[in-house]
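> In terms of the working numbering, the sequence shown opens at residue 8 and continues consecutively. One structure, pasted below without further comment.
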Amino acid sequence: MNRQTDYHSGLDDNILNPLKITILDFNRFFIRDFLQRINIIPYYFKYYHFLFHFKLINLLFYLIYHMKKIILATILIYPLVLLAQSIGVYDLRTEQLSNPIGLDIQKPRFSWKLMSDQKSTVQTAFEIIVATTPDFNKKSIVWNTKISTDQSVYNVYSGNRLLSNTSYFWKLTVWDNHGNTATESAFWHTGLLNNEWTAKWITATAPGDTSHEAFPSPMFRKEFNISKDIKSATLFISSKGLYEAHINGKKVGDDYLTPGWTSYKNRTQYQAYDITQMIKKGPNAIGAILGKGWFKGEVGWVKNAGIYGTDLGLIAQLEITLSNGSKQTVNSDGSWTYSYGPILNSEIYHGEYFDARKIKEGWSASGFSEIWPSVKLLSDNTSNLIGSYSNPVRKHERIKPIELIITPEHDTVIDFGQNMVGWVSVKASGKAGTVITISHAEVLDKFGNFYIENLRRAKETNTYILRGVGEEIFEPHFTFQGFRYIKVQGYPGNLALDKFEGVALYSDMKKEGVFKCSNPLVNQLQHNIQWGQRGNFVDVPTDCPQRDERLGWTGDAQAFSRTAAYNFDVQNFFAKWLLDLAADQNQDGGVPHVIPNALNPRSAASTGWADASTIIPWNMYWIYGDTSFLTRQYPSMKKWVKYMEDSSKNYLWNKGFHFGDWLFYSVADDRDGRSAVTDKYLIAQCFFANSVQIMINAATVLNNASDVHYYQDLLEKVKAAFRKEYVTGSGRMISSTQTAYVLALEFDMLLPEHREYAAHLLVKNITDYNYHITTGFLGTPYICHVLSKQGYADVAYKLLLQETYPSWLYPVKMGATTIWERWDGIKPDSTFQSASMNSFNHYAYGAIGDWMYRVVCGIEISAPGYKKSIIAPVLSNSLSFASSSTITPYGEIKSEWKTDKNGVDISVEIPVNTSSLIKLPTINMSKIKSNDINLSNANAIITDKTINLNLGSGKYTFHIESEIK
Ligand code: BGC
Numbered sequence: 008m009n010r011q012t013d014y015h016s017g018l019d020d021n022i023l024n025p026l027k028i029t030i031l032d033f034n035r036f037f038i039r040d041f042l043q044r045i046n047i048i049p050y051y052f053k054y055y056h057f058l059f060h061f062k063l064i065n066l067l068f069y070l071i072y073h074m075k076k077i078i079l080a081t082i083l084i085y086p087l088v089l090l091a092q093s094i095g096v097y098d099l100r101t102e103q104l105s106n107p108i109g110l111d112i113q114k115p116r117f118s119w120k121l122m123s124d125q126k127s128t129v130q131t132a133f134e135i136i137v138a139t140t141p142d143f144n145k146k147s148i149v150w151n152t153k154i155s156t157d158q159s160v161y162n163v164y165s166g167n168r169l170l171s172n173t174s175y176f177w178k179l180t181v182w183d184n185h186g187n188t189a190t191e192s193a194f195w196h197t198g199l200l201n202n203e204w205t206a207k208w209i210t211a212t213a214p215g216d217t218s219h220e221a222f223p224s225p226m227f228r229k230e231f232n233i234s235k236d237i238k239s240a241t242l243f244i245s246s247k248g249l250y251e252a253h254i255n256g257k258k259v260g261d262d263y264l265t266p267g268w269t270s271y272k273n274r275t276q277y278q279a280y281d282i283t284q285m286i287k288k289g290p291n292a293i294g295a296i297l298g299k300g301w302f303k304g305e306v307g308w309v310k311n312a313g314i315y316g317t318d319l320g321l322i323a324q325l326e327i328t329l330s331n332g333s334k335q336t337v338n339s340d341g342s343w344t345y346s347y348g349p350i351l352n353s354e355i356y357h358g359e360y361f362d363a364r365k366i367k368e369g370w371s372a373s374g375f376s377e378i379w380p381s382v383k384l385l386s387d388n389t390s391n392l393i394g395s396y397s398n399p400v401r402k403h404e405r406i407k408p409i410e411l412i413i414t415p416e417h418d419t420v421i422d423f424g425q426n427m428v429g430w431v432s433v434k435a436s437g438k439a440g441t442v443i444t445i446s447h448a449e450v451l452d453k454f455g456n457f458y459i460e461n462l463r464r465a466k467e468t469n470t471y472i473l474r475g476v477g478e479e480i481f482e483p484h485f486t487f488q489g490f491r492y493i494k495v496q497g498y499p500g501n502l503a504l505d506k507f508e509g510v511a512l513y514s515d516m517k518k519e520g521v522f523k524c525s526n527p528l529v530n531q532l533q534h535n536i537q538w539g540q541r542g543n544f545v546d547v548p549t550d551c552p553q554r555d556e557r558l559g560w561t562g563d564a565q566a567f568s569r570t571a572a573y574n575f576d577v578q579n580f581f582a583k584w585l586l587d588l589a590a591d592q593n594q595d596g597g598v599p600h601v602i603p604n605a606l607n608p609r610s611a612a613s614t615g616w617a618d619a620s621t622i623i624p625w626n627m628y629w630i631y632g633d634t635s636f637l638t639r640q641y642p643s644m645k646k647w648v649k650y651m652e653d654s655s656k657n658y659l660w661n662k663g664f665h666f667g668d669w670l671f672y673s674v675a676d677d678r679d680g681r682s683a684v685t686d687k688y689l690i691a692q693c694f695f696a697n698s699v700q701i702m703i704n705a706a707t708v709l710n711n712a713s714d715v716h717y718y719q720d721l722l723e724k725v726k727a728a729f730r731k732e733y734v735t736g737s738g739r740m741i742s743s744t745q746t747a748y749v750l751a752l753e754f755d756m757l758l759p760e761h762r763e764y765a766a767h768l769l770v771k772n773i774t775d776y777n778y779h780i781t782t783g784f785l786g787t788p789y790i791c792h793v794l795s796k797q798g799y800a801d802v803a804y805k806l807l808l809q810e811t812y813p814s815w816l817y818p819v820k821m822g823a824t825t826i827w828e829r830w831d832g833i834k835p836d837s838t839f840q841s842a843s844m845n846s847f848n849h850y851a852y853g854a855i856g857d858w859m860y861r862v863v864c865g866i867e868i869s870a871p872g873y874k875k876s877i878i879a880p881v882l883s884n885s886l887s888f889a890s891s892s893t894i895t896p897y898g899e900i901k902s903e904w905k906t907d908k909n910g911v912d913i914s915v916e917i918p919v920n921t922s923s924l925i926k927l928p929t930i931n932m933s934k935i936k937s938n939d940i941n942l943s944n945a946n947a948i949i950t951d952k953t954i955n956l957n958l959g960s961g962k963y964t965f966h967i968e969s970e971i972k
């Protein structure tokens with residue numbers, strides 16, 4: 008039976024996700040802080056974080072912890088503590104991770120967040136003590152620093168050289184400007200900092216012809232004995248292909264699709280797991296199953312398997328520290344054995360074939376009696392192995408079916424009500440040998456039949472053969488599917504909906520953003536944007552999750568990157584992917600269309616796609632305030648700009664292949680030229696300029712004055728060449744499309760005297776299309792921004808709220824639950840767009856989310872990482888309410904507005920240790936009321952449209968009385 012434990016229970020979530028600060032957490036902080044100060048907390052209680060990652064004792068500690076809290080809270084302490092004004096520190100992170108294991112960074116950076124019930128709170132100083140024991144005894148201290156600074160993010164460790172495979176504990180104390188102090192602790196466990204791999208790569212002799220499509224998953228095992236009690240044990244593991252590791256019969260960790268997808272030849276990630284609780288004194292066993300994954304399986308729409316290699320491989324190094332301090336290592340080597348079991352084939356695109364009759368009971372536990380042949384050693388070395396710090400793929404939402412459908416073609420179909428990515432967990436009882444097939448689809452066709460043509464070659468089918476031992480539970484291992492519907496064949500007995508459950512799998516990015524407003528269709532759009540991100544952030548940012556593609560398309564990723572960062576924490580996700588981008592970048596600077604590059608190296612250097620190399624590092628730096636995005640990526644960014652310079656003549660880049668404004672509005676009968684075709688080289692020149700501008704910005708941040716000069720000069724020339732080639736003397740563009748005007752305005756390509764005219768022509772174009780959007784992937788992210796910046800917010804709102812094709816809400820009206828690849832994936836007459844390219848889960852057009860957060864609710868960054876922000880909501884008569892929040896590196900920022908006949912209510916929340924410029928939409932000071940601030944002392948600045956207040960952290964509400972009564 009294929010049982011998998013789901014560790015992602017709500018309980019774990021609450022304990023392990025420090026971002027979910029609830030009222031309980033807030034109170035918990037006060038109580039714990041107080042109790043620590045009066046020293047009545049037992050040792051283990053104070054360091055409960057360190058113990059909590061041992062999941063088996065989670066529940067126990069959770070209960071003890073909360074019981075104590077409840078009892079103590081009801082006695083005097085609770086109200087007393089609540090009365091006291093104080094500061095809290097939470098969400099301690101090492102390299103942006105909470106208590107990471109296997110971090111192979113010699114100088115990790117520490118970040119934390121502050122909470123306070125006092126307004127205008129800033130950190131004034133911090134102290135960090137790093138030690139190798141959780142009691143921070145003197146002998147174990149490796150670094151101790153106290154600095155007067157307000158910097159609470161990315162503080163670099165600069166103590167003694169770190170040792171590999173060692174736990175480090177850090178105790179943080181912070182001081183604020185009101186004289187409060189708070190203390191909290193966290194830890195991290197180092198990886199193999201000096202590549203100390205003693206284990207060998209092992210493989211199995213293939214069962215017959217390796218080129219054959221069906222390739223069973225090899226299983227590896229090794230028994231070992233431990234003579235003493237164990238103090239700690241860490242497993243370092245990686246594979247060529249995907250792995251699932253087991254120890255003593257249980258799956259290790261709750262990650263899936265490990266070791267993830269990278270530019271394998273240059274960078275293959277390993278994972279590290281604390282397995283202290285999984286092994287014991289006496290006999291033990293370790294095992295691992297491998298699947299083809301991206302390494303050996305098919306990747307890309309042209310049938311090509313094994314682009315990284317043909318031999319699947321495993322490397323595992325189990326480092327055990329015994330109670331007497333001595334070490335024992337269990338390495339993958341020639342003494343391991345292998346066999347083949349129930350997974351007869353697995354392919355990311357095609358699904359898994361699992362024959363439960365072939366399960367080898369107890370194969371990863373000690374005392375297993377089958378005799379297996381010895382493994383072969385692979386000659387590969389370990390120099391490309393790197394620790395992982397991106398968010399691993401994990402199970403998230405579990406979705407119950409909503410309907411059982413018998414289609415007109417008599418198929419048995421289950422509807423999950425949500426287009427999602429992951430797989431379906433199936434329970435079934437029946438005779439041994441019963442074959443169940445589960446096929447996946449995103450949509451039903453206009454007649455209600457199961458539609459799979461748009462999956463192209465991807466079979467998206469899992470097959471399970473029953474073992475016949477009561478109720479069996481099936482989930483695949485080395486594949487994932489994009490689907491809303493499944494077709495079930497061969498199900499034994501009564502098919503009840505509760506035997507099926509959709510399991511969403513995606514990179515474990517914490518959810519950060521909320522956007523809601525008074526228009527339910529827009530709320531559904533936001534839902535669709537977030538689900539599009541869930542489904543396409545599966546270790547790499549993919550274009551789509553269902554057909555024979557699922558590749559890291561650079562253009563899609565750059566278009567969506569800002570929206571992505573409002574919705575979820577994507578800092579480490581993009582940090583990892585950008586390193587693969589640099590690793591796979593061509594010698595001449597051309598950036599491949601997809602990263603990791605699974606296509607031909609010549610498939611590179613398309614404008615707007617390759618610019619992912621400059622746009623994303625800059626966006627991430629700006630959003631997270633993390634300069635390392637720029638320092639790490641700078642050489643790659645420079646190389647790409649150099650490529651464009653080298654391909655230009657007189658600074659005009661008008662060569663090469665470009666996707667252009669991909670999937671712009673085009674009509675079948677175009678005799679009157681209604682399709683919104685924008686000259687590709689015009690677009691290329693705009694993106695060229697934008698990337699040069701980013702180089703100026705990045706060089707400025709990195710204090711590289713000579714580069715700043717160089718790129719400033721280049722930028723002038725690139726813009727001049729643009730104007731000469733593409734703009735008429737009066738300011739009309741040679742392509743009179745929305746995208747042409749949008750890019751020219753957004754990237755500041757025009758002479759100042761032509762801007763207003765260009766904005767006018769843009770609006771005219773939009774009204775000519777009766778307020779419909781006609782842009783493709785490259786124009787879409789910017790159109791509403793350009794409109795609102797140019798004073799046409801009303802037109803931007805009309806585009807957002809447009810319900811007929813082409814528009815963002817058209818798919819919503821057609822029942823979409825994710826963002827579609829095309830504006831008209833399903834046409835008004837319910838027929839489909841061309842099956843050859845018609846994904847119903849593609850995030851690029853979801854880039855409008857950025858405008859919803861940044862303009863509708865007005866949350867804008869004004870210093871990197873939101874150290875300073877602007878909150879300037881742009882109200883519209885078409886909405887009566889809008890609210891959004893996101894988690895910045897300093898904590899939650901929030902903006903909300905409501906209008907009625909009495910006026911406008913605006914409430915904002917500014918994170919501790921930051922400040923914000925609030926722009927209230929009135930110029931009449933006497934109309935503003937606030938209980939949170941004395942407005943006469945607030946140094947308000949009145950501009951032509953708004954009243955501006957510079958405020959420190961805290962929550963503020965304002966009422967702006969209506970002018971018309
Ligand atoms: C992908 C896109 C990608 C495009 C290149 C498509 O097949 O799905 O999203 O950006 O090719 O134009």
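Even for Gly, the Cβ is constructed at its ideal location relative to N, Cα and C.
What is the DSSP secondary structure of P818, counted as helix, strand or coil?
In the sequence shown, residue 818 corresponds to position 811, counting from 1. The answer is helix: DSSP assigns P818 an H, G or I state.
> Leaving aside the five residues before and after A842 along the sequence, list all residues of the same chain whose C-beta is less than 6 Å from its C-beta, in chain order.
Position 835 of the sequence shown, counted from the start, is the residue given in the question as residue 842. Taken in chain order, the residues that qualify are E460 and N461.
> Go ahead and label H600 buried or exposed: buried means 16 or more other beta carbons lie within 10 angstroms of its beta carbon, across all protein chains shown.
Within the sequence shown, residue 600 is the residue found at index 593, counting from 1. Counting Cβ neighbours within 10 Å, H600 comes out buried, since at least 16 surround it.
> Quick test of the definition: if touching needs 3 or more C-beta pairs under 8 Å, does the region 582–602 touch the region 612–632?
Yes, they touch.
> Just to confirm, are V819 and Y799 a CB contact at a threshold of 7 Å?
As a working note, residue 819 is residue 812 in the sequence shown. As a working note, residue 799 is residue 792 in the sequence shown. Taking 7 Å as the Cβ cut-off, V819 and Y799 do not qualify as a contacting pair.
> What residue from G260, E251, N331 and Q284 has the CA that sits closest to A295's CA?
If you number the sequence shown from 1, residue 295 lands on position 288. The residue with the shortest Cα to Cα distance from A295 is E251.
> In chain order, what residues of the same chain have a beta carbon less than 8 Å from the beta carbon of D686, not counting five sequence neighbours either side?
Counting from one through the sequence shown, the residue named residue 686 turns up at place 679. Only Y733, I741, S742 and A747 meet the Cβ criterion.
> If I measure Cβ to Cβ from V919 and keep anything under 7 Å in the same chain, skipping five residues before and after, which residues do I get?
The residue labelled residue 919 in the question sits at position 912 within the sequence shown. These residues qualify, in order along the chain: L121, M122, S123, T128, Y897, G898 and S960.
> The alpha helix (DSSP H) that contains G562, what's its start and end?
For the purposes of this step, residue 562 is identified with residue 555 of the sequence shown, where counting begins at 1. Per DSSP, G562 belongs to the alpha helix (DSSP H) from T561 to N574.
> Just checking my contact of T205 with A240 at CB under 8 Å: how many whole Å lie between their CB atoms?
Taking the sequence shown and counting its residues from 1, the one referred to as residue 205 is at position 198. Taking the sequence shown and counting its residues from 1, the one referred to as residue 240 is at position 233. No, T205 and A240 are not in contact; Cβ-Cβ is about 16 Å, not under 8 Å.
> Enumerate in chain order the residues of its own chain whose CB-to-CB distance from T570 is below 7 Å, with the five nearest sequence positions on each side excluded.
To locate residue 570, count along the sequence shown from 1; it is residue 563. Only I536, G853, A854, G856 and D857 meet the Cβ criterion.
> Please determine whether the Cβ atom of G667 lies at a distance below 6 Å from any heavy atom of the ligand BGC.
The residue you call residue 667 lines up with position 660 of the sequence shown. No - the ligand BGC has no heavy atom lying nearer than 6 Å to the Cβ of G667.
> State buried or exposed for P813, treating a residue as buried only when at least 16 other CB atoms are found within 10 Å of its CB.
The sequence position of residue 813 within the sequence shown is 806, counting from 1. By the 10 Å Cβ count, P813 comes out buried.
> With D183 as the anchor, note down where its beta strand (DSSP E) starts and where it stops.
Working through the sequence shown from its first residue, we reach residue 183 at position 176. From DSSP, the beta strand (DSSP E) with D183 extends over S174 to D183.
> According to DSSP, what are the bridge partners of H767?
Working through the sequence shown from its first residue, we reach residue 767 at position 760. H767 pairs with nothing; no bridge assigned.
> May I ask you to list the residues that DSSP assigns as paired with Y345?
On the sequence shown, residue 345 is found 338 positions in, with the first residue counted as 1. Note: Y345 sits in a beta bridge opposite F227.
> Which residues in the same chain have their Cβ closer than 6 Å to the Cβ of S270, if we skip the five residues on either side of it in sequence?
Looking up residue 270 in the sequence shown gives position 263. Hits under 6 Å: D587, A590, D591 and P603.
> Short check: CB of I833 to CB of Y850, under 7 Å?
By one-based count along the sequence shown, residue 833 stands at place 826. By one-based count along the sequence shown, residue 850 stands at place 843. Cβ atoms of I833 and Y850: not closer than 7 Å.
> Identify which residue in I900, P928, S922 and T906 has its Cα closest to the Cα of V915.
Looking up residue 915 in the sequence shown gives position 908. If we check each option's Cα against that of V915, I900 comes out closest.
> Of all the options I630, K438, K287 and L806, which has the alpha carbon lying nearest to the alpha carbon of D362?
Start at 1 with the first residue of the sequence shown, and residue 362 comes out as number 355. Out of I630, K438, K287 and L806, K438 has the C-alpha closest to the C-alpha of D362.
> Along the chain, where does the alpha helix (DSSP H) containing E753 start, and where does it finish?
Residue 753 sits at position 746 when you count from the first residue of the sequence shown. Unbroken alpha helix (DSSP H) run through E753: Q745 to E753.
> Return the residue from the list G260, T486 and V521 that minimises the CA-CA distance to S353.
The residue given as residue 353 occupies position 346 in the sequence shown. Minimum Cα distance to S353 is reached at T486.
> Rounding to the nearest angstrom, what Cα-Cα distance links N946 and N957 in this structure?
What you label residue 946 is simply residue 939 of the sequence shown in a count that begins at 1. What you label residue 957 is simply residue 950 of the sequence shown in a count that begins at 1. For N946 and N957, the distance between alpha carbons rounds to 8 Å.
> Count the other C-beta atoms from every protein chain shown that fall within 10 angstroms of the C-beta of P290, then say buried if there are 16 or more, exposed otherwise.
Here the question's residue 290 lines up with position 283 in the sequence shown. Result: exposed.
> Measuring only from the beta carbon, is G562 closer than 6 Å to any heavy atom that is part of the ligand BGC?
Stepping through the sequence shown from its first residue, residue 562 is reached at position 555. Yes, Cβ of G562 sits closer than 6 Å to a heavy atom of the ligand BGC.
> Just how far apart, CA to CA, sit T707 and V715?
Translated into positions along the sequence shown, residue 707 becomes position 700. Translated into positions along the sequence shown, residue 715 becomes position 708. Roughly 6 Å separates the two Cα atoms.
> Within 10 angstroms of the Cβ of D515, are there 16 or more other Cβ atoms? Answer buried if so, exposed if not.
Numbered from 1 along the sequence shown, position 508 holds the residue referred to as residue 515. D515 should be labelled buried.
> Can you tell me which of the three DSSP states K153 falls into?
Position 146 of the sequence shown, counted from the first residue, corresponds to residue 153. Strand.
> Report whether the distance from the Cβ of D831 to the nearest heavy atom of the ligand BGC is below 6 Å.
Counted from its first residue, the sequence shown places residue 831 at position 824. Result no, Cβ not under 6 Å from the ligand BGC.
> Output the distance between the C-alpha atoms of V149 and D281, rounded to the nearest integer angstrom.
The residue you call residue 149 lines up with position 142 of the sequence shown. The residue you call residue 281 lines up with position 274 of the sequence shown. Distance between the alpha carbons of V149 and D281: 22 Å.
> For L924, which option in Q540, T419 and S876 has the closest C-alpha, if you only look at C-alpha atoms?
One-based indexing of the sequence shown puts residue 924 at position 917. L924 has its Cα closest to that of S876, out of Q540, T419 and S876.
> Using 6 Å as the cut-off, classify the Cβ of D618 as near or not near the heavy atoms of the ligand BGC, replying yes or no.
What you label residue 618 is simply residue 611 of the sequence shown in a count that begins at 1. Not under cutoff, so the answer is no.
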